[in-house]
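J.: Read top to bottom, the protein sequences are chains A and B.
All residue numbers for the first sequence refer to numbering that gives the first Met the number 0, where the first residue is 0 and numbers rise by one.
All residue numbers for the second sequence refer to numbering that gives the first Met the number 0, where the first residue is 0 and numbers rise by one.
Backbone N, C-alpha and C fix where the C-beta goes; we use that ideal spot for every residue, glycine too.
Would you mind keeping the following structure in view while I ask a few things?
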Amino acid sequence: MNNELIQKLVEAYGPSGFEEQIRELIRPEVEPYADDVRVDPMGNLIVHKKGDGSGLKVMVAAHMDEIGVMVSHITKEGFLRFTNIGGVYPHTLMGNRVQFANGTVGLIYSERLEAREKVHSLEKHYIDVGASSREDVPVEVGDAAGFRRTFLAQGAMLSAKSMDDRIGCAVAIETLQRLERTPHDVYFVFSVQEEVGTRGAQAAANALEADVGIALDVTRTGDTPEAQPMSVSLGEGPAIKVKDSGMIAHTGLVRAMKKRAEAEGIPYQLEVLERGTTDARSIQIAGAGAAAGTISIPCRYVHSQSETVHAEDVENSVRLLVALLAEPLEI
Amino acid sequence: MNEILQQLTEASGVAGDEKEVRLLIRDLIEGHVDEWQVDTMGNLLAVKRGSGASEMRVLVDAHMDEVGLIVTEIDSDGTLKFLPVGGISPRTLLGKVVKVGRKGLTGVIGARPIHLLKASQRDSIVKTESMRIDIGAKKKEDATKKVKVGDKATFATRYEENGATAMGKAFDDRAGCAVLIELLRGEPYPFDLHAAFTVQEEVGLRGATVAAYATKPDVALVLECTPAYDLPNERDVSPNVMLGQGPAVYVMDRVTIQDPRLVRHIMRTAEKNEIPFQIRQPGGGGTNTAVIQRATTGIPAATIATPARYVHAPTGMINLDDFNNVIRLADATLRTLDASLFERT
Numbered sequence: 000m001n002n003e004l005i006q007k008l009v010e011a012y013g014p015s016g017f018e019e020q021i022r023e024l025i026r027p028e029v030e031p032y033a034d035d036v037r038v039d040p041m042g043n044l045i046v047h048k049k050g051d052g053s054g055l056k057v058m059v060a061a062h063m064d065e066i067g068v069m070v071s072h073i074t075k076e077g078f079l080r081f082t083n084i085g086g087v088y089p090h091t092l093m094g095n096r097v098q099f100a101n102g103t104v105g106l107i108y109s110e111r112l113e114a115r116e117k118v119h120s121l122e123k124h125y126i127d128v129g130a131s132s133r134e135d136v137p138v139e140v141g142d143a144a145g146f147r148r149t150f151l152a153q154g155a156m157l158s159a160k161s162m163d164d165r166i167g168c169a170v171a172i173e174t175l176q177r178l179e180r181t182p183h184d185v186y187f188v189f190s191v192q193e194e195v196g197t198r199g200a201q202a203a204a205n206a207l208e209a210d211v212g213i214a215l216d217v218t219r220t221g222d223t224p225e226a227q228p229m230s231v232s233l234g235e236g237p238a239i240k241v242k243d244s245g246m247i248a249h250t251g252l253v254r255a256m257k258k259r260a261e262a263e264g265i266p267y268q269l270e271v272l273e274r275g276t277t278d279a280r281s282i283q284i285a286g287a288g289a290a291a292g293t294i295s296i297p298c299r300y301v302h303s304q305s306e307t308v309h310a311e312d313v314e315n316s317v318r319l320l321v322a323l324l325a326e327p328l329e330i
Numbered sequence: 000m001n002e003i004l005q006q007l008t009e010a011s012g013v014a015g016d017e018k019e020v021r022l023l024i025r026d027l028i029e030g031h032v033d034e035w036q037v038d039t040m041g042n043l044l045a046v047k048r049g050s051g052a053s054e055m056r057v058l059v060d061a062h063m064d065e066v067g068l069i070v071t072e073i074d075s076d077g078t079l080k081f082l083p084v085g086g087i088s089p090r091t092l093l094g095k096v097v098k099v100g101r102k103g104l105t106g107v108i109g110a111r112p113i114h115l116l117k118a119s120q121r122d123s124i125v126k127t128e129s130m131r132i133d134i135g136a137k138k139k140e141d142a143t144k145k146v147k148v149g150d151k152a153t154f155a156t157r158y159e160e161n162g163a164t165a166m167g168k169a170f171d172d173r174a175g176c177a178v179l180i181e182l183l184r185g186e187p188y189p190f191d192l193h194a195a196f197t198v199q200e201e202v203g204l205r206g207a208t209v210a211a212y213a214t215k216p217d218v219a220l221v222l223e224c225t226p227a228y229d230l231p232n233e234r235d236v237s238p239n240v241m242l243g244q245g246p247a248v249y250v251m252d253r254v255t256i257q258d259p260r261l262v263r264h265i266m267r268t269a270e271k272n273e274i275p276f277q278i279r280q281p282g283g284g285g286t287n288t289a290v291i292q293r294a295t296t297g298i299p300a301a302t303i304a305t306p307a308r309y310v311h312a313p314t315g316m317i318n319l320d321d322f323n324n325v326i327r328l329a330d331a332t333l334r335t336l337d338a339s340l341f342e343r344t
């Protein structure tokens with residue numbers, strides 16, 4: 000898979016609710032390969048690849064949005080107070096940088112620490128944009144910012160501020176490009192507002208009424224020093240989700256994923272995630288329901304500015320999804 | 000005196016029991032709408048036909064229900080145990096006069112006088128579970144003749160005005176209902192205006208969920224009342240919104256990121272018409288916009304609110320200039336709504 004596309008996607012601006020720039024990046028990548036491309040009322044980019052009529056209706060979802068912050072107050076001195084968009088952890092903030100839609104960059108710091116081992120809550124942090132008064136600040140209350148971090152590719156290690164879930168978007172794009180023929184009517188949905196509660200996928204799933212829903216998203220790993228135990232490791236293949244806190248994957252779909260992986264010699268891991276969920280949750284319970292599951296790309300340091308995946312896991316996720324979609328699905 | 004606000008805020012409409020408010024609104028909009036119906040959950044859905052110039056389907060929502068109390072048990076001594084319906088802090092309850100049941104029986108939430116309080120009790124907060132509504136009954140048998148378990152109770156607050164300041168209960172969201180009534184009473188819009196006076200917002204946005212599905216609009220505007228937190232503060236931290244500074248425009252709350260295109264349209268409309276407005280502090284809270292936005296295949300939706308101090312309590316306070324500016328802003332926003340605002344390439 001090509002790192003250029005990944006770099007473009009992960010460095011771009013797109014906090015939940017403000018995904019336009021990501022949508023504009025993805026559109027030219029998918030248009031030549033799709034039968035139809037449209038944008039729905041919430042902003043989901045829906046890319047249709049027709050099947051031969053013998054298969055199922057499949058919705059593949061990867062979310063365009065990333066976590067971020069929103070300005071809630073500007074002080075007289077020109078510092079910005081902010082609230083979170085999605086799961087932003089205070090211990091990842093100090094010294095980090097954010098970028099606004101208009102290009103303004105801000106530095107995050109916190110009020111004086113009473114004890115060094117204790118981190119302040121979000122409310123005691125602020126953004127410094129280099130202004131000296133309220134009038135001087137080039138953004139306003141209600142403006143959203145994403146984090147800012149350049150892409151790092153070091154051997155197989157790929158690290159960025161928004162692997163969650165631009166790497167899922169990259170896998171979806173690559174899958175569409177490699178998928179020559181499919182029996183299925185496949186709708187690749189590049190969804191909005193996942194990080195604030197899988198909101199975009201809910202509306203898209205209502206519209207599509209798919210038989211099968213597959214989310215492409217990252218999942219955490221348990222392979223780092225003193226990590227919370229979890230039997231997913233970096234570099235050992237895509238994780239086929241069995242359960243997370245929002246969804247129990249369709250057992251037939253899980254079986255089909257395992258079978259295809261084994262038939263193609265693709266390494267895989269099974270995933271049980273105790274906290275967190277994906278767009279598959281919304282797809283599963285939309286309308287009359289769908290058989291839903293998730294192919295997860297193992298990722299260290301999720302919701303930090305150094306979300307890290309393994310290049311081979313990414314490649315194998317594409318292979319697994321292509322293999323799954325190229326054949327009839329028996330679920 | 001704003002009679003519509005007076006009638007609406009003095010009516011009783013605890014979530015799940017909105018009938019009194021619904022009947023009142025029906026009378027107030029009669030002759031100004033072309034059709035109306037009440038759905039299974041109790042939402043009042045009305046249509047005001049437009050001039051036909053636009054084919055958009057536009058939904059405007061305001062919720063009829065308010066937070067209040069529900070009787071859970073009648074004690075042997077004739078007093079009434081109760082629980083809150085929706086978010087009410089126990090700090091606001093002691094000593095307040097309430098109206099119980101559909102007949103509006105007067106009661107008081109008993110408070111032990113200071114003479115009888117131990118020193119340790121003076122600064123402590125009494126839990127709702129240990130409070131009782133006293134209707135003056137001598138024993139259980141007397142009380143059961145007048146009250147049933149499940150009866151709702153509201154605060155017995157009269158509406159009053161003091162210059163541009165209005166005080167009363169349930170501005171959340173009778174202020175929104177009053178704005179929507181004024182819109183229905185005005186000139187027709189280019190499109191059919193679908194008005195939804197919804198139920199059960201305070202207990203989880205329940206009425207609007209089905210109203211959105213029934214209407215399937217192209218765009219939706221939610222009219223709300225949002226807490227003002229603008230009292231003196233030592234630090235330069237964020238006020239929520241301020242009384243008298245104009246309509247509050249939502250950008251993001253706990254459950255919704257408002258449609259940025261509609262938010263922009265609202266702000267530009269305000270600027271063009273020189274209507275003051277303030278951006279509500281992003282963060283907590285939530286409105287019917289959440290469920291409308293994600294209903295059916297997704298609906299562009301946003302919220303305009305009248306700021307109010309002391310919401311979810313016996314007496315709140317709004318500024319009538321703010322209220323009138325919400326009417327102006329909502330009206331101007333709707334009159335200039337165009338499908339091209341929502342076109343995407």
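Can you pull the chain B residues whose beta carbon is under 7 Å from the beta carbon of residue 15(A), in chain order?
T.: Against residue 15(A), the close residues of chain B are 256, in the order they occur along the chain (beta-carbon pairs closer than 7 Å).
J.: Go to residue 69(A), then tell me how far its beta strand (DSSP E) extends in each direction, as first and last residue.
T.: 67-73
J.: Looking at the secondary structure, which residues open and close the beta strand (DSSP E) in which residue 276(B) lies?
T.: Looking at the DSSP string, residue 276(B) is not in any beta strand (DSSP E), and its letter there is neither H nor E.
J.: What does DSSP give as the partner residue(s) for residue 151(B) in the beta ladder?
T.: In DSSP, residue 151(B) forms a bridge with 69(B).
J.: At 7 Å on the CB atoms, spell out the chain A contacts of residue 293(B), in chain order.
T.: 198, 201, 202
J.: When you compare the CB of residue 280(B) with every CB in chain A, is at least one pair closer than 9 Å?
T.: yes
J.: Does DSSP put residue 257(B) in a helix, a strand or coil?
T.: coil
J.: Below 8 Å on the Cβ atoms is my contact criterion, and I expect residue 290(A) with residue 211(A) to pass it. Report the Cβ-Cβ distance as a whole number of Å.
T.: Confirmed, about 5 Å.
J.: What residues in its chain sit with their C-beta under 8 Å from that of residue 86(A), if we drop five residues either side in the sequence?
T.: 66, 194, 302
J.: Nearest chain A C-beta to residue 262(B) closer than 9 Å, yes or no?
T.: True, the Cβ-Cβ gap to chain A drops below 9 Å.
J.: For residue 192(A), return the contacting residues in chain B, with the cut-off set at a CB-CB distance below 8 Å.
T.: 256
J.: Beta carbon of residue 294(A), beta carbon of residue 169(A): below 9 Å?
T.: no
J.: Can you tell me which residues form a DSSP beta bridge with residue 341(B)?
T.: Per DSSP, none; premise fails for residue 341(B).
J.: Compare the C-beta of residue 70(A) with all C-beta atoms of chain B and state if any pair is closer than 9 Å.
T.: Taking Cβ atoms only, chain B reaches closer than 9 Å to residue 70(A), which makes this a yes.
J.: Out of 97(B), 335(B), 185(B), which one is the CA nearest neighbour of residue 105(B)?
T.: Closest by alpha carbon: 97(B).
J.: Can the beta-carbon of residue 258(B) be found closer than 9 Å to that of residue 299(B)?
T.: Residue 299(B) sits close to residue 258(B), with the two beta carbons spaced by under 9 Å.
J.: DSSP puts residue 246(A) in a beta bridge; with which residues?
T.: 243(A)
J.: Which residue comes first and which comes last in the alpha helix (DSSP H) that contains residue 3(B)?
T.: 2-9
J.: Is residue 186(A) helix, strand or coil by DSSP?
T.: Looking at residue 186(A) - three-state DSSP - the assignment turns out to be strand.
J.: Quick one: Cα of residue 181(B) to Cα of residue 329(B), how far?
T.: 10 Å
J.: So if DSSP puts residue 229(B) in a beta bridge, which residue, or which two residues, is it bridged to?
T.: In the DSSP output, where bridge partners are listed per residue, residue 229(B) has none listed.
J.: Residues of chain A with CB under 9 Å from residue 299(B), in chain order?
T.: 40, 41
J.: Tell me the DSSP secondary structure of residue 80(B) in three-state form.
T.: Reduced to three states, the DSSP call for residue 80(B) is strand.
J.: Taking residue 21(A) as the reference, give the member of 280(A), 63(A), 3(A), 31(A) with the closest Cα.
T.: 63(A)
J.: Could you check what DSSP says for residue 82(A) in three-state terms: helix, strand or coil?
T.: strand
J.: For the pair the segment 252-266 of chain A and the segment 177-188 of chain A, tell me if three or more CB-CB distances fall below 8 Å.
T.: no
J.: DSSP puts residue 223(B) in a beta bridge; with which residues?
T.: In DSSP, residue 223(B) forms a bridge with 304(B).
J.: Count the C-beta pairs between the segment 277-285 of chain A and the segment 196-213 of chain A that are closer than 8 Å, then say yes if the count reaches three, no if not.
T.: yes
J.: Could you tell me if residue 144(B) is buried or exposed, where buried requires 16 or more neighbouring beta carbons within 10 angstroms of its beta carbon?
T.: Looking at its Cβ environment, which holds fewer than 16 other Cβ atoms inside 10 Å, residue 144(B) is exposed.
J.: Pull up the DSSP beta-bridge partners for residue 323(B), would you.
T.: None; residue 323(B) has no bridge partner.
J.: Spatial neighbours of residue 163(A) within its chain, please: CB distance less than 6 Å, with the 5 preceding and 5 following residues excluded, ordered by chain position.
T.: 217, 301, 306
J.: What residues from the segment 128-143 of chain A come within 9 Å of chain B, judged by C-beta to C-beta, listed N to C?
T.: 139, 140, 141, 142, 143
J.: Output the distance between the C-alpha atoms of residue 54(A) and residue 304(A), rounded to the nearest integer angstrom.
T.: 40 Å
J.: Taking only runs of the beta strand (DSSP E) that begin and end inside the segment 160-232 of chain B, which ones reach a length of at least 3 residues, in chain order?
T.: 164-167, 191-197, 218-226
J.: So residue 318(B) is in the beta strand (DSSP E); what residue range does that whole segment cover?
T.: Where residue 318(B) is concerned, the enclosing beta strand (DSSP E) starts and stops at 315-318.
J.: In terms of alpha-carbon separation, which member of 209(B), 342(B), 170(B) lies closest to residue 307(B)?
T.: Closest option to residue 307(B), Cα to Cα, is 170(B).
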